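The numbering used here applies: residue 6 is where the sequence shown begins, and numbers increase by one. From the three backbone atoms N, C-alpha and C, an ideal C-beta is built for every residue, glycine too. Given the structure is predicted, the values throughout are model-derived calculations rather than measurements. The block underneath contains the structure these notes are about, expressed in structure tokens.
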Amino acid sequence: MAIVMAGTVVALLVLFFSTVKTCYPGCRCEEQSFGMFSSFSLTKVDCSRLGPSTIPVSIPFKTSLLDLSFNGIHSIEGTVFSGPGYTTLSSLNLSNNLISVMNGSVFSKLHYLEMLDLSWNSIQDLVEGFSGLLLAEVNLSHNRIHEINLDVFCVQNHGRPLSIDLSYNLLNSVIRRKLSQPLNIQSLDLTGNELISVPNLRDISLRFLTLDDNPILVIHEQSFAGLKNLIYLSLSSMPELHTIKPQSLQELQNLQVLDLSNNIKLKTLSAEVFSGLTALQELNLSNCWVMSLPANILQLLPSIKSIALREGVNCWRIRTQKQFQIHVGQSKAEEVLKCDVTGVIL
Ligand SMILES: *[C@@H]1O[C@H](CO)[C@@H](O)[C@H](O)[C@H]1NC(C)=O
Ligand SMILES: *[C@@H]1O[C@H](CO)[C@@H](O)[C@H](O)[C@H]1NC(C)=O
Ligand SMILES: *[C@@H]1O[C@H](CO)[C@@H](O)[C@H](O)[C@H]1NC(C)=O
Ligand SMILES: *[C@@H]1O[C@H](CO)[C@@H](O)[C@H](O)[C@H]1NC(C)=O
Numbered sequence: 006m007a008i009v010m011a012g013t014v015v016a017l018l019v020l021f022f023s024t025v026k027t028c029y030p031g032c033r034c035e036e037q038s039f040g041m042f043s044s045f046s047l048t049k050v051d052c053s054r055l056g057p058s059t060i061p062v063s064i065p066f067k068t069s070l071l072d073l074s075f076n077g078i079h080s081i082e083g084t085v086f087s088g089p090g091y092t093t094l095s096s097l098n099l100s101n102n103l104i105s106v107m108n109g110s111v112f113s114k115l116h117y118l119e120m121l122d123l124s125w126n127s128i129q130d131l132v133e134g135f136s137g138l139l140l141a142e143v144n145l146s147h148n149r150i151h152e153i154n155l156d157v158f159c160v161q162n163h164g165r166p167l168s169i170d171l172s173y174n175l176l177n178s179v180i181r182r183k184l185s186q187p188l189n190i191q192s193l194d195l196t197g198n199e200l201i202s203v204p205n206l207r208d209i210s211l212r213f214l215t216l217d218d219n220p221i222l223v224i225h226e227q228s229f230a231g232l233k234n235l236i237y238l239s240l241s242s243m244p245e246l247h248t249i250k251p252q253s254l255q256e257l258q259n260l261q262v263l264d265l266s267n268n269i270k271l272k273t274l275s276a277e278v279f280s281g282l283t284a285l286q287e288l289n290l291s292n293c294w295v296m297s298l299p300a301n302i303l304q305l306l307p308s309i310k311s312i313a314l315r316e317g318v319n320c321w322r323i324r325t326q327k328q329f330q331i332h333v334g335q336s337k338a339e340e341v342l343k344c345d346v347t348g349v350i351l
């Protein structure tokens, strides 16, 4: 026990000194340790709100999270994200800046970057380079993107950055696990951009996709082709969206949640729109003008659990027991959608 305590004291002292010594002026560095004898640590560096001259910043060894939000940064070029501390960076926050062109090659040294927050910038163009990264989550919400060139995110060459020096790296086990997994973006948030149609994201193994608040008018057939891993899709708050074409969602065989709420011009949804959605559990039609659903909706959506039909009207699938008169005692379960407003049962 005494040894454990002494160990903790030493660890705290080391931690204290290293924090003071290595933190860039104006940034706040915080090291969190986990495990017995603090064998795992997570260094967060918060350099937000320092002003446009912030970058490049030097960051401590083994930094995991770097926050560069609210710095008025216009552009990022060259090798600003390189150097010892960057090798282990898993999360980079560049939100709330003024970036208009994002050249993905600036991230090329961030081999273990998992989360990239670029929300609330002025990005119109995404150019090259994101493809060599391990990136799992990209937040591009509230920018000015008109279209997405698929090459930016796709893996053009399958070579992995295996020649990296991992010797100082306490995240080793995490990294080894990641390296054996396919390289791809799983979560993409494109809320509040200027997309006029669903971007072609074929071949990205996305699981979560948000396209809310874009000026999309029509969701065309096959819009989501190739996205069979998608489990969450949000197409909410699109002021111009009036039509979802039949079979447009067809390939989304693993989709569990579909949010179509706040689409005030969306008035009808044909039965064919729902074809192929065999795993769908939750459907949100709140604040749309869709007045009726296909009568066989429970057959069309065999996994559905709840539908938010209108604002404040939620429906659930329930089983009712029907007694058969002829064969006394035999009963058959029938499924209906029951809504929490009296008198409305579909
Ligand atoms: C992106 O940056 C790289 C490296 O700085 C440069 O070679 C390339 O030309 C840039 N691409 C574009 C489209 O600006
Ligand atoms: C990035 O920074 C912004 C502004 O400080 C914050 O709202 C947001 O949650 C951060 N993103 C992540 C993923 O932590
Ligand atoms: C993306 O960023 C916005 C703004 O910071 C935030 O509200 C949203 O939740 C983020 N999206 C995801 C999927 O985390
Ligand atoms: C449906 O969407 C509305 C509006 O976006 C939201 O307020 C509500 O919580 C959602 N309902 C469910 C059941 O997710």
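Suppose the cutoff is 8 Å on Cβ atoms and the five residues either side in sequence are ignored; what does the same chain contact list for residue i look like?
{"i": "E82", "result": "N108 and V111"}
{"i": "E256", "result": "Q227, F229, A230, G231, L232, K233 and G281"}
{"i": "R212", "result": "Q191, S192, N234, L235, I236 and Y237"}
{"i": "F279", "result": "L254, L285, P299, I302, L305 and L306"}
{"i": "R207", "result": "L155, A230, G231 and L232"}
Report the option in the options whose CA atom is closest to the CA atom of residue i.
{"i": "W352", "options": "N292, N76 and V157", "result": "Within the shown structure, residues of the chain are numbered from 6 to 351, placing residue 352 beyond reach of any answer."}
{"i": "D72", "options": "Y29, N234 and L214", "result": "Y29"}
{"i": "S253", "options": "L240, N234, E226 and Y237", "result": "E226"}
{"i": "Y128", "options": "L290, C32, G197 and K272", "result": "Per the sequence presented here, residue 128 reads as Ile, with Tyr not at that position. Ranking the options by Cα distance to I128, first place goes to G197."}
{"i": "N259", "options": "S239, L222, S291 and T283", "result": "T283"}
{"i": "E152", "options": "S192, D130 and A141", "result": "D130"}
{"i": "V62", "options": "S241, F45, C34 and F39", "result": "C34"}
{"i": "I302", "options": "S96, E340 and S210", "result": "E340"}
{"i": "L285", "options": "S46, K310 and L232", "result": "K310"}
{"i": "L214", "options": "V223, I201 and S241", "result": "S241"}
{"i": "I221", "options": "S202, T325, V278 and L305", "result": "S202"}
{"i": "S291", "options": "H116, S266, L298 and E36", "result": "S266"}
{"i": "L138", "options": "V318, E277, M120 and L103", "result": "M120"}
{"i": "K49", "options": "F39, K67 and L55", "result": "K67"}
{"i": "S95", "options": "V278, L115 and L103", "result": "L115"}
{"i": "N102", "options": "V278, I64 and L55", "result": "L55"}
{"i": "D264", "options": "S297, A313 and E277", "result": "A313"}
{"i": "G88", "options": "S113, L99, V106 and N98", "result": "S113"}
{"i": "L99", "options": "C52, I323, M296 and L305", "result": "C52"}
{"i": "S74", "options": "P65, C32 and L47", "result": "C32"}
{"i": "I78", "options": "N144, K270 and I104", "result": "I104"}
{"i": "L271", "options": "I64, S46 and V295", "result": "V295"}
Tell me which same chain residues have a C-beta within less than 6 Å of the C-beta of residue i, skipping the five on either side of it?
{"i": "N268", "result": "M243, L246 and C293"}
{"i": "I60", "result": "V85"}
{"i": "C344", "result": "V318 and C320"}
{"i": "T248", "result": "V223"}
{"i": "L354", "result": "Because the chain here runs from 6 to 351, residue 354 falls outside it and cannot be looked at."}
{"i": "L288", "result": "L263 and I312"}
{"i": "D170", "result": "Note that D170 has pLDDT 34, beneath the 50 cutoff, so the model's placement of it is unreliable and the number below is only indicative. Excluding positions up to five away in sequence, the list is empty."}
{"i": "S210", "result": "N189 and N234"}
{"i": "V106", "result": "D130"}
{"i": "V143", "result": "L121, I190 and L193"}
{"i": "L149", "result": "Position check: residue 149 holds Arg in this sequence, whereas Leu was assumed. S127, Q129 and E199, listed in sequence order."}
With a threshold of 16 other CB atoms inside 10 Å of the CB of residue i, please say whether the residue is buried or exposed.
{"i": "P57", "result": "exposed"}
{"i": "D218", "result": "buried"}
{"i": "N154", "result": "exposed"}
{"i": "R181", "result": "Note on R181: pLDDT 39, under 50, position unreliable in the model; the coordinate value appears next. So R181 counts as exposed."}
{"i": "V132", "result": "exposed"}
{"i": "S80", "result": "exposed"}
{"i": "R315", "result": "buried"}
{"i": "R199", "result": "Checking the displayed sequence, the identity of residue 199 turns out to be Glu instead of Arg. Answer is exposed; the Cβ neighbour count stays below 16."}
{"i": "P307", "result": "exposed"}
{"i": "S275", "result": "exposed"}
{"i": "L342", "result": "buried"}
{"i": "E36", "result": "buried"}
{"i": "F39", "result": "exposed"}
{"i": "G90", "result": "buried"}
Using a Cβ-Cβ cut-off of 7 Å (strictly less than) and excluding sequence neighbours within five positions of residue i, which residues of its own chain qualify?
{"i": "H147", "result": "S124, W125, T196 and G197"}
{"i": "P140", "result": "Checking the displayed sequence, the identity of residue 140 turns out to be Leu instead of Pro. These residues qualify, in order along the chain: L118, E119, L121 and I190."}
{"i": "P204", "result": "E152 and I153"}
{"i": "R322", "result": "L303, I309, K310, E340 and L342"}
Exercise. In chain order, what residues have a CB nearer than 5 Å to some heavy atom of ligand 2?
Worked result: Going by the Cβ distance cut-off, the answer is S74, N98, S100 and D122.
For this session: Please write down, chain order preserved, every residue whose beta carbon lies under 5 Å from a heavy atom of ligand 4.
Result: In chain order, the qualifying residues are S266, N289, S291 and A313.
For this session: Would you list the residues whose beta-carbon is nearer than 5 Å to any heavy atom of ligand 3, in the order they occur in the chain?
Result: The filter returns S124, N144, S146 and D194, in chain order.
For this session: Please list, following the chain, all residues that have a C-beta closer than 5 Å to any non-hydrogen atom of ligand 1.
Result: In chain order, the qualifying residues are N108, S110 and V132.
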